[in-house]
Amino acid sequence: MTDSTPVDGQPVPAPRPPATPAEPAEPLDAPEAPPARLWDRMRDDPQYAPEHLALEAVRRLGPEAARWAERARAEQPGISAEALADQAVRRFVNRARLSGAVSGAAGLPGAVIDVGVLAWTQARMVLHIAAAYGVEPQHTDRATDLLVLQKVHKVAETARLALGVAAGRERAGALFGGGSQPALGRVMLKLGVRLAQMAGVRAAKRMFAKVVPGAAIILGTWANSSATKDLANRSRALYAQHRPGVVPPPRHP
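For the sequence shown, the working numbering begins at 731 and goes up steadily by one.
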């Protein structure tokens, strides 16, 4: 670059380079899709898709949630667990509202991706809420919590058994690849139903939102937000009771 030519004894400012859009560092409300390897496992084993998602969420997102809570407490000394949980809920409810627009695909593949993104976003929220209350988000018990909170299983014991089965069935595959089309269609339908169950939305609603023009924005936003808020309330009730130093109420026979 050459020096600027002075005018009237004053240096001319060097020309600025043309403006380029800032690289979008991940916005707080930008939904994120599950990793490709997780899709592989869920496609190969759709019956245990929620269990695979819960296991991967704790492995991948648990440490992230712990770092977030530690950083937030350092930046906001004295912040209460409730206030920190409020921040997590607002952040991930916003993501959930947008999650239906991530794939841009129509029909069954788009519906499956959308509910997978929503279930992943919700798992992330639950782990952040746990961290807000000082409950270790990367502990293996959080996978059990996810399945019970998201109503995949009614009790922790059956959730643990299912997680054990899923952990033993992890294997590779390619999302939407391999197999005949009829078989693949059945697999994707089963996967979509299981993920919709985990995310708390009806598969029929998600399909309707994908097929009817304009419905995705209205119905998808409402359904995702409502299901995620309900999950947030259940998660807060659980972790507020189990945070360190809190003695749970006595259980009566």
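Idealized CB from N, CA, C, for every residue including glycine.
Treat the numbers as computed from the prediction; the structure is a model and nothing was measured.
Give the single residue among the options whose Cα lies nearest to the Cα of residue i.
i: residue 853; options: 794, 886, 810 and 803; result: 794
i: residue 869; options: 963, 786 and 768; result: 786
i: residue 798; options: 867, 779, 782 and 778; result: 867
i: residue 839; options: 918, 800 and 928; result: 918
i: residue 823; options: 929, 889 and 970; result: 929
i: residue 844; options: 962, 971, 923 and 967; result: 923
i: residue 987; options: 967, 955 and 926; result: With the chain running from 731 to 983 in the structure shown, residue 987 is simply not present.
i: residue 967; options: 811, 821 and 791; result: 811
i: residue 783; options: 809, 875, 860 and 821; result: 875
i: residue 865; options: 825, 826, 788 and 883; result: 788
i: residue 958; options: 826, 802 and 769; result: 826
i: residue 881; options: 821, 960, 767 and 790; result: 960
i: residue 820; options: 790, 855, 807 and 804; result: 855
i: residue 969; options: 857, 764 and 790; result: 857
Taking residue i and residue j to be in contact with their CB atoms under 8 Å, please state how far apart those CB atoms are, rounded to whole angstroms.
i: residue 921; j: residue 847; result: Wrong, their Cβ atoms sit about 13 Å apart, outside the cutoff.
i: residue 775; j: residue 899; result: 5 Å
i: residue 862; j: residue 896; result: Their Cβ separation, rounded to whole angstroms, is 27 Å, which puts residue 862 and residue 896 out of contact at 8 Å.
i: residue 916; j: residue 792; result: That belief does not hold up - the Cβ atoms of residue 916 and residue 792 are roughly 33 Å apart, past 8 Å.
i: residue 796; j: residue 859; result: That pair is no contact at about 12 Å.
i: residue 850; j: residue 781; result: Between residue 781 and residue 850 the Cβ distance is about 14 Å, and since that is not below 8 Å, they are no contact.
i: residue 965; j: residue 879; result: 6 Å
i: residue 802; j: residue 814; result: 6 Å
i: residue 765; j: residue 790; result: 7 Å
Give the secondary structure of residue i by DSSP, where H, G and I count as helix, E and B as strand, and everything else as coil.
i: residue 882; result: coil
i: residue 752; result: Low confidence applies here, because residue 752 scores a pLDDT of 36, under 50, leaving its location unreliable; read the following figure in that light. In the structure shown, residue 752 sits in coil (DSSP, three-state: anything other than H, G, I, E or B).
i: residue 868; result: coil
i: residue 973; result: coil
i: residue 812; result: helix
i: residue 763; result: coil
i: residue 930; result: coil
i: residue 924; result: helix
i: residue 839; result: helix
i: residue 899; result: coil
i: residue 945; result: With a pLDDT of only 44 at residue 945, under 50, the local geometry of the prediction cannot be trusted, and the value read off the model is given with reservation. Correct three-state label for residue 945: helix.
### Task
Enumerate, from N- to C-terminal direction, the unbroken alpha helix (DSSP H) stretches of 4 or more residues contained entirely within the segment 770–805.
779–805
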